[in-house]
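Have a look at the structure below before the remarks.
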Amino acid sequence: MFKSKLTKLLKDEYLTRDLPKEITVPALGAIPETSIKNLEDATLDDLAFAAQALDLEVDAINSRLYAIRRLYRAARSKGALGAENIVDALSRKGGDQ
Numbered sequence: 002m003f004k005s006k007l008t009k010l011l012k013d014e015y016l017t018r019d020l021p022k023e024i025t026v027p028a029l030g031a032i033p034e035t036s037i038k039n040l041e042d043a044t045l046d047d048l049a050f051a052a053q054a055l056d057l058e059v060d061a062i063n064s065r066l067y068a069i070r071r072l073y074r075a076a077r078s079k080g081a082l083g084a085e086n087i088v089d090a091l092s093r094k095g096g097d098q
């Protein structure tokens, strides 16, 4: 198994098991293009900017997840069953409006 310098330095699989080999650094300010860097070559700023970009992705995913959960709860509150179409379920009268 390949062990990177970073893995050897950290000596803790808990800290390193989910680390990517590369990070995506978004285009910012005077840097017009997104770049992909090996994690071991990244600066602290590269890590911070990559983390900010990932935070935006996570926010978007969470927004979609919460919207789907709201639809699900609304349909269930109207008595919908699992195999029922979402449009049909939400078209029902009754339950929480």
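Just add 1 to the spot in the sequence shown (first one is 1) and you have the working numbering. Every residue gets a Cβ at the ideal spot worked out from N, C-alpha and C, and that includes glycine.
To which residues does DSSP link N39 through a beta bridge? E23
So, using beta-carbon positions, are E23 and I37 closer together than 9 Å? yes
Report the rounded CA-to-CA distance for K79 versus Q53, giving the unit in angstroms. 39 Å
Go through its chain and collect everything with a Cβ distance to V88's Cβ below 6 Å, but skip five positions before and after it. none
Under the three-state DSSP convention, the category Y29 falls into: The identity of residue 29 in the sequence shown is Leu, whereas the question assumes Tyr. Three-state DSSP puts L29 in a strand.
Given a cut-off of 9 Å on the beta-carbon distance, is the pair L55 and L72 in contact? no
Contacts around R93, its chain only, beta-carbon distance under 6 Å, and the 5 residues preceding and following it disregarded: K79
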